[in-house]
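Scroll down for the structure; my scribbles are underneath it.
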Amino acid sequence: MQPSAQHTLIFQHLPDQVHPTWQAASAFVQQHIPGAGRSLIFKIKVIVTELLTNSIKHSGHGPTKLSLAINEGRLIIQKMDAGAAFSASVEEDIKWEWPLTTIPHHPIKLYADMLTGLFVTVTSPHSLHFYSEDYEIGADTATGISEHYGLMMICRACDNFTYHFDAVTRHNIFTAIINL
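Each residue of the sequence shown is one higher than the one before, starting from 1 at the first, in full-length UniProt numbering.
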């Protein structure tokens with residue numbers, strides 16, 4: 001099914017482009033979603049800012065494509081770049097070579113602080129699904145993997161957050177979905 005509205009922005013990995021790019025994304029949403037409230041606009045700001053920050057930090061060459069689509073009651077925000085494939089320092093021995101040849105069948109902890117944890121499950125040799133958990137104060141929450149705090153912020157701001165590595169184009173594709 002065709003999206004009811006879609007928009008693509010090109011980002012050149014310059015820090016001073018982050019603010020105008022999220023403003024353009026926000027303007028698109030406000031134009032196509034009547035009554036888009038402050039909560040939705042804040043989520044868009046968090047998601048777009050963190051995705052673009054991820055591009056600045058990890059995309060070595062070529063522009064980043066940021067796509068927005070409104071489809072069947074969902075806002076889909078997708079970032080695609082040709083930077084290094086997703087990798088993480090985790091407590092267990094996982095080789096982040098894409099496509100993955102060994103697929104763990106359990107959640108992998110990427111980040112944890114006293115209140116929340118960010119986890120990933122491998123859904124295919126090319127794809128990951130991110131999710132977060134809340135901890136009760138005082139729970140045993142190992143820290144030390146702060147690199148992925150931005151991914152946790154995206155995960156907390158949307159309803160579904162995934163990563164896909166396209167082995168043919170060597171593109172990284174992060175997708176955040178907000179149910180409207």
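From the three backbone atoms N, C-alpha and C, an ideal C-beta is built for every residue, glycine too. As the structure is a computational prediction, the values presented were derived from the model and not from experiment.
For residue 74, the uninterrupted beta strand (DSSP E) run begins and ends at 74-81, by DSSP.
In chain order, 74, 159 place their CB closer than 6 Å to the CB of residue 179, counting only its own chain and leaving out the 5 sequence neighbours on each side. A Cβ-Cβ distance of about 5 Å is found for the pair residue 110 and residue 118, placing them in contact under the 8 Å criterion. The three-state reading of DSSP puts residue 50 in helix, counting H, G and I together. Around the CB of residue 157, 16 or more other CB atoms lie within 10 Å, so the residue is classed as buried. Here residue 19 is not near residue 64, since their CB atoms are 9 Å or more apart.
Per DSSP, residue 23 is one residue of the alpha helix (DSSP H) stretching across 18-32.
Here residue 92 is exposed. Its C-beta has fewer than 16 other C-beta atoms within 10 Å.
DSSP places residue 57 within a helical segment (H, G or I) once states are collapsed to three. Around the beta carbon of residue 115, a 10 Å sphere encloses fewer than 16 other beta carbons of the protein chains shown; the residue is thus reported as exposed. In the structure shown, the three-state DSSP call for residue 13 is coil. Ranked by Cα distance from residue 101, the first of 37, 81, 58, 126 is 126. Beta-bridge annotation (DSSP): residue 117 is paired with 112, 133.
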